[in-house]
């Protein structure tokens, strides 16, 4: 580490993102209910991807790369919950409770 704040922040964000991924994965593996699994996996796109994307953007050192990463993260964070909701609605129509 060179002592700059950006690499430290990038590592912190990356660790937080990986912890969210690990927690969501364990939750998805341990639960039997499809709705709970879907809810756990949605956290990957809405929470983990912005954290990991911010870490990679900070670590890239390039404004152009950071903007491309930000665009990808915005698209993923915007479409992930929508797809999760659509999947939940489909699940509800096929298996109403």
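Residue numbers (this note's numbering): 27 to 123. Backbone N, C-alpha and C define an ideal beta-carbon position, used for all residues, glycine too.
Apply the 10 Å Cβ neighbour rule to residue 25 and answer buried if 16 or more other Cβ atoms are within range, or exposed otherwise. Here the chain comprises residues numbered 27 to 123, so residue 25 is not present and cannot be evaluated.
Tell me the rounded alpha-carbon separation between residue 69 and residue 118. 20 angstroms
So what's residue 58 in DSSP terms, helix, strand or just coil? coil
Spatial neighbours of residue 113 within its chain, please: C-beta separation below 7 angstroms, excluding the five flanking residues on both sides. 64
Three or more C-beta pairs below 8 angstroms linking the segment 33-48 and the segment 90-97: no
Residues near residue 27 by beta carbon distance below 6 angstroms, same chain, minus five either side: Note that residue 27 scores 48 on pLDDT, short of 50, meaning its location in the model is unreliable and no value can be drawn from it.
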